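Protein chains in written order, with the UniProt record's numbering: chain A, 1 to 224; chain B, 1 to 248. Here a beta-carbon is modelled for each residue, glycine too, at the ideal position from N, C-alpha and C. For clarity, every value in this text was computed on a predicted model and none was experimentally measured.
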């Protein structure tokens, strides 16, 4: 049966990038539709009327929304290169940490970007604490998935790319190789994986984007 | 499964805890229920959920599983009788999407008793909007799962016993906006797993009143709402959203 796969994404969304990673690891062909979030397409609004967000995966005309839900859908539909652990307890742990990544880690890293001075120091302390928890999950493994990239690696993938960009913009170090030896090694292994490497958005564009985000937010805070 | 040790760390009024109670009851799994005092958390809770220190926590043969929807999915896979999630991947994805959506109600509903004036009114408006979207999704089906009481029903029905508290605090009637949801809630309550797992709505309202008084009396750290504007997420998803970290 000819499969029709379409992915609605933006060039920079780390959530959409998760879906790209999963599709590439599974060796799936798909069409990309880049969205401009300031002017969402009629198709996007039709496929995701509830949240109106990217990413959306459309498989043979049926839409699946929310990146972590999409990852599970991909894993359940195409059985090659399994992403989630088979053991129910390990699966529950992977889901727990992916949720932690989205609910706590993502916002704590974001808070470092949008703050300065004492507030930033506190934000950094919180982010470092969360990063330590993530590192503990790696133990001595090469990837969260073990020997190969899995669901949790993909869920955390944004850290391997965005954290170093934020460090560059703000001239500070969040993931120090000495303080985070295991996490640093994972970031290198993940980033340099041949499948993952080809998917990263252009770094210079990301630097400009986040620099602008930081400046605009600090300006807003100052004017309040 | 013989010789299974199943313990649930929970709190009577928690809609998240109720999800797990319902799932265990649907599957006929015997378990030990332990009521946690959230102002004086047990060493076991702190050991089993060191990251969030929240209930519910399911402890299965000594191993903890946290986060209510993750627990329900775990239960569904380990005890295969009476499946809660559909077997088709697309249907499963829809169920997961809607179960996640349901929790928007928590944050909106909370504003009805933690805020006042304009903020409270906007919370009420949001709550009604989310409920109307859910009513639209239910449509004319007996359950969100179709003919079968399923994962989304388990995720959402605990909120039904919170409706009285929302309505009383917000001075409105949910039935006026979402009659199908009320009919669905009553239908679900006919199931023993639901009727014995849901809290008494009046006890929920009493709890809300106590929380309200505490907030007024002093800053209670266990109920502090910590709003974090997730700037990065807003930007990528093109939507204004606030990530609220709540210690329940």
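**Prompt:** How would you label residue 67 of chain B, buried or exposed, when you count the other beta carbons within 10 angstroms and need 16 or more for buried?
**Reply:** The sequence position of residue 67 of chain B within the second chain is 67, counting from 1. Classification of residue 67 of chain B: buried, given that the 10 Å Cβ count is 16 or more.
**Prompt:** Among A:95, A:170, A:78, which residue has its Cα nearest to the Cα of residue 65 of chain B?
**Reply:** Locating residue 65 of chain B in the second chain gives position 65, counting from the first residue. Comparing Cα-Cα distances from residue 65 of chain B to each of A:95, A:170, A:78, the minimum goes to A:95.
**Message:** Within 10 Å of its beta-carbon, does residue 230 of chain B have 16 or more other beta-carbons around it, so buried, or fewer, so exposed?
**Reply:** As a position in the second chain, residue 230 of chain B is number 230, starting the count at 1. Note on residue 230 of chain B: pLDDT 42, under 50, position unreliable in the model; the coordinate value appears next. Looking at its Cβ environment, which holds 16 or more other Cβ atoms inside 10 Å, residue 230 of chain B is buried.
**Request:** Enumerate in chain order the residues of its own chain whose CB-to-CB distance from residue 200 of chain B is below 8 Å, with the five nearest sequence positions on each side excluded.
**Result:** For the purposes of this step, residue 200 of chain B is taken as the residue at position 200 of the second chain. Only 161 meet the Cβ criterion.
**Asked** Candidates A:187, A:116, A:10, A:89: which alpha carbon is nearest residue 217 of chain A's?
**Response** The residue labelled residue 217 of chain A in the question sits at position 217 within the first chain. That would be A:116, whose Cα lies nearest to the Cα of residue 217 of chain A.
**Message:** By alpha-carbon positions, which one of B:12, B:83, B:7 ends up nearest to residue 202 of chain B?
**Reply:** On the second chain, position 202 is the one that residue 202 of chain B refers to. Comparing Cα-Cα distances from residue 202 of chain B to each of B:12, B:83, B:7, the minimum goes to B:12.
**Asked** Per DSSP, which one or two residues make a beta bridge with residue 63 of chain A?
**Response** On the first chain, residue 63 of chain A is found 63 positions in, with the first residue counted as 1. A:58, per the DSSP bridge assignment.
**Residues of its chain near residue 165 of chain A, where Cβ-Cβ distance is below 8 Å and the 5 sequence neighbours each way are ignored** = Here residue 165 of chain A corresponds to residue number 165 of the first chain, with the count starting at 1. Closer than 8 Å at Cβ, skipping near neighbours: 203, 206, 207, 210.
**Asked** Closest by CA to residue 101 of chain A, which one among A:121, A:90, A:78, A:132?
**Response** One-based indexing of the first chain puts residue 101 of chain A at position 101. Considering only alpha carbons, the answer is A:132.
**Residues near residue 20 of chain B in its chain [Cβ-Cβ closer than 8 Å; skip 5 each side]** = On the second chain, residue 20 of chain B is found 20 positions in, with the first residue counted as 1. These residues qualify, in order along the chain: 8, 10, 56, 58, 68, 71, 72, 75.
**Message:** For a test of the three-state rule: what should DSSP assign to residue 36 of chain B, helix, strand or coil?
**Reply:** Working through the second chain from its first residue, we reach residue 36 of chain B at position 36. Coil.
**Message:** If contact is defined by three or more beta carbon pairs under 8 Å, each pair taking one atom from either stretch, is the segment 82-91 of chain A in contact with the segment 141-161 of chain A?
**Reply:** yes
**Message:** Alpha carbons only, please: which of B:43, B:159, B:168, B:34 is nearest the one belonging to residue 130 of chain B?
**Reply:** Start at 1 with the first residue of the second chain, and residue 130 of chain B comes out as number 130. Residue B:159 is the option with its Cα nearest to residue 130 of chain B.
**Asked** DSSP state of residue 130 of chain B, grouped into three classes?
**Response** As a working mapping, residue 130 of chain B is identified with position 130 in the second chain. The answer is helix: DSSP assigns residue 130 of chain B an H, G or I state.
**Prompt:** Hey, quick one: how far does the beta strand (DSSP E) through residue 168 of chain B stretch, first residue to last?
**Reply:** Here residue 168 of chain B refers to the residue found at position 168 of the second chain. First-last for residue 168 of chain B: 163-170, but that is the alpha helix (DSSP H), not the beta strand (DSSP E).
**Message:** Spatial neighbours of residue 41 of chain A within its chain, please: C-beta separation below 7 Å, excluding the five flanking residues on both sides.
**Reply:** Residue numbering aside, residue 41 of chain A sits at position 41 when the first chain is read from its first letter. 35.
**Message:** Using a 10 Å radius around the Cβ and a threshold of 16 neighbouring Cβ atoms, would you call residue 92 of chain B buried or exposed?
**Reply:** Within the second chain, numbered from 1, the residue matching residue 92 of chain B stands at position 92. That one is buried.
**Item:** Within-8 Å CB hit, residue 226 of chain B to chain A
**Value:** The residue given as residue 226 of chain B occupies position 226 in the second chain. Any reading at residue 226 of chain B needs caution, since the residue's pLDDT is 37, under 50, leaving its predicted position unreliable; the model's value is listed next. No, its Cβ sits nowhere closer than 8 Å to a Cβ of chain A.
**Message:** Just to make sure I have the definition right: I need the residues of chain B whose C-beta is within less than 9 Å of the C-beta of residue 199 of chain A. Which are they?
**Reply:** Within the first chain, numbered from 1, the residue matching residue 199 of chain A stands at position 199. Under the 9 Å cutoff, chain B gives no residues; its nearest Cβ is about 16 Å from residue 199 of chain A.
**Request:** Run the CB neighbour count on residue 222 of chain A, radius 10 Å, all protein chains shown included, and call it buried at 16 or more, exposed below.
**Result:** As a working mapping, residue 222 of chain A is identified with position 222 in the first chain. Looking at its Cβ environment, which holds fewer than 16 other Cβ atoms inside 10 Å, residue 222 of chain A is exposed.
**Message:** Within 8 Å of any Cβ in chain A, is that where the Cβ of residue 151 of chain B sits?
**Reply:** Walking along the second chain from the start, residue 151 of chain B turns up at place 151. For residue 151 of chain B, the answer is no, since every Cβ of chain A falls outside 8 Å of its Cβ.
**Span of the beta strand (DSSP E) around residue 31 of chain A** = Taking the first chain and counting its residues from 1, the one referred to as residue 31 of chain A is at position 31. Unbroken beta strand (DSSP E) run through residue 31 of chain A: 31-34.
**Request:** Closer than 6 Å by C-beta to residue 75 of chain A: which residues in its own chain qualify, once you throw out the five before and the five after it? Chain order, please.
**Result:** As a first step, residue 75 of chain A is located in the first chain; it is residue number 75 there, counting from the start. Cβ within range, chain order: 83, 84.
**Request:** Compute the distance between the beta-carbons of residue 17 of chain B and residue 84 of chain B, then report whether it is under 8 Å.
**Result:** On the second chain, residue 17 of chain B is found 17 positions in, with the first residue counted as 1. On the second chain, residue 84 of chain B is found 84 positions in, with the first residue counted as 1. Not closer than 8 Å, so no.
**Message:** Give me the DSSP bridge partner(s) of residue 143 of chain B.
**Reply:** Position 143 of the second chain, counting from 1, holds the residue named residue 143 of chain B. Answer by DSSP bridge pairing, in chain order: B:146.
**Asked** Exposed or buried, what is residue 82 of chain B when buried is set at 16 or more other beta-carbons lying within 10 Å of its beta-carbon?
**Response** Against the second chain, residue 82 of chain B aligns to sequence position 82. Result: exposed.
**Message:** Can you tell me whether residue 88 of chain B is buried or exposed? The criterion is at least 16 other CB atoms within 10 Å of its CB, across all chains shown.
**Reply:** Within the second chain, residue 88 of chain B is the residue found at index 88, counting from 1. The residue in question, residue 88 of chain B, is exposed, as its Cβ has fewer than 16 Cβ neighbours within 10 Å.
**Message:** Would you say residue 128 of chain B lies against chain A (beta-carbon separation less than 8 Å)?
**Reply:** As a working note, residue 128 of chain B is residue 128 in the second chain. Answer no: the Cβ-Cβ gap between residue 128 of chain B and chain A never drops below 8 Å.
**Item:** Partners in chain B for residue 62 of chain A, counting only beta-carbon separations shorter than 8 Å
**Value:** Mapped onto the first chain, residue 62 of chain A falls at position 62. Under the 8 Å cutoff, chain B gives 90.
**Request:** Starting from the N-terminal side, write out each stretch of the alpha helix (DSSP H) that is 4 residues or longer and does not extend beyond the UniProt domain "GST N-terminal" (4-83) of chain B.
**Result:** 15-26, 43-48, 68-78
**Prompt:** To the nearest angstrom, how far is it from the Cα of residue 175 of chain B to the Cα of residue 167 of chain B?
**Reply:** Position 175 of the second chain, counted from the first residue, corresponds to residue 175 of chain B. Position 167 of the second chain, counted from the first residue, corresponds to residue 167 of chain B. Approximately 10 Å, taken between the alpha carbons.
**Asked** Who are the neighbours of residue 63 of chain B on chain A, taking C-beta pairs under 7 Å?
**Response** Working through the second chain from its first residue, we reach residue 63 of chain B at position 63. Within chain A, the residues near residue 63 of chain B are 89.
**Request:** Starting from the C-beta of residue 6 of chain A, find all residues in its chain whose C-beta is less than 7 Å away, skip the five residues before and the five after it, and write them out in chain order.
**Result:** Taking the first chain and counting its residues from 1, the one referred to as residue 6 of chain A is at position 6. Answer for residue 6 of chain A: 30, 31, 33, 58, listed in chain order.
**Item:** Sequence-distant residues of the same chain with beta carbon closer than 7 Å to residue 123 of chain B, five excluded per side
**Value:** Translated into the one-based positions of the second chain, residue 123 of chain B becomes position 123. Around residue 123 of chain B: 108, 111, 112, 115.
**Asked** If the cut is a Cβ gap below 8 Å, which residues of chain A does residue 67 of chain B touch?
**Response** Walking along the second chain from the start, residue 67 of chain B turns up at place 67. Result: 95, 96, 99.
**Message:** Mapping the DSSP letters down to three states, classify residue 20 of chain A as helix, strand or coil.
**Reply:** Here residue 20 of chain A corresponds to residue number 20 of the first chain, with the count starting at 1. Helix at residue 20 of chain A.
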